[in-house]
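Heads up, the thing below is written out as structure tokens.
Numbering (full-length UniProt numbering), first residue to last: 1 to 187.
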């Protein structure tokens with residue numbers, strides 16, 4: 001992509017400030033630099049109501065078999081178990097920081113990243129089925145619409161690309177492009 005007119009804002013070739021964000025500045029931690037992108041792929045909040053209902057139904061099944069205080073053991077275990085499973089399903093995180101793309105603890109140096117593209121929800125079935133390379137790293141969450149495909153240019157890496165679910169694919173791609181752009185040197 002060239003850096004002229006019509007370049008996508010936020011990419012390495014864009015020479016002007018294309019978009020001013022009203023978000024708070026990224027925070028620095030004691031162990032790392034600023035985070036350019038951070039997204040947690042949590043499940044929809046209303047799913048927790050369904051998990052509570054399912055846990056209650058399973059607890060009721062246990063309740064029917066035991067009288068007295070033991071009847072409540074099913075509720076005390078099944079409701080937290082169902083809610084805990086949803087929390088575990090939604091703990092996936094993708095970040096771009098310190099020159100790395102980090103997805104669920106796996107790290108990819110941005111110097112090894114080639115092209116990135118967005119796979120729209122209507123094209124997910126093709127991208128995750130016939131077009132998917134079996135050796136690719138995949139972080140797919142069905143409740144998240146679009147995917148971002150990140151090409152890996154390192155021939156010895158073993159993975160040709162990563163496929164990541166993201167609710168904000170344009171921001172993820174822009175953060176990767178911005179982190180790959182050479183930083184100006186102050187004389």
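Where a beta carbon is used, it is the ideal one built from N, C-alpha and C, also for glycine.
Which residues in the same chain as residue i place their Cβ atom closer than 7 Å to its Cβ, once the five residues preceding and following it in sequence are excluded?
| i | result |
| --- | --- |
| residue 171 | 37 |
| residue 30 | Low local confidence applies: a pLDDT of 37 at residue 30 is under 50, so the model's placement there is unreliable, with the coordinate-based value given in what follows. Hits under 7 Å: none found. |
| residue 119 | 127, 146, 147, 149 |
| residue 47 | 86 |
Consult DSSP for residue i and reduce its assignment to one of helix, strand or coil.
| i | result |
| --- | --- |
| residue 75 | helix |
| residue 1 | Caution applies to residue 1, whose pLDDT of 42 falls short of 50 and renders its modelled position unreliable; the model cannot decide the point. |
| residue 124 | helix |
| residue 174 | helix |
| residue 166 | coil |
Alpha carbons only, please: which of the options is nearest the one belonging to residue i?
| i | options | result |
| --- | --- | --- |
| residue 156 | 35, 108, 57 | 108 |
| residue 70 | 79, 80, 59 | 59 |
| residue 76 | 111, 88, 61 | 61 |
| residue 56 | 180, 72, 124 | 72 |
| residue 125 | 141, 81, 112 | 141 |
| residue 115 | 87, 160, 146 | 160 |
| residue 179 | 164, 95, 129 | 95 |
| residue 135 | 49, 163, 74 | 163 |
| residue 78 | 43, 50, 173, 123 | 50 |
Among residues of its own chain, excluding the 5 on either side of residue i, which ones have a beta-carbon nearer than 6 Å to its beta-carbon?
| i | result |
| --- | --- |
| residue 112 | 152, 153, 154 |
For residue i, I'd like the list of residues in its chain whose CB is within less than 8 Å of its CB, leaving aside the five on either flank, ordered along the chain.
| i | result |
| --- | --- |
| residue 45 | none |
Would you list, in sequence order, the uninterrupted alpha helix (DSSP H) runs of no fewer than 4 residues that lie entirely inside the region 65-117? 73-89
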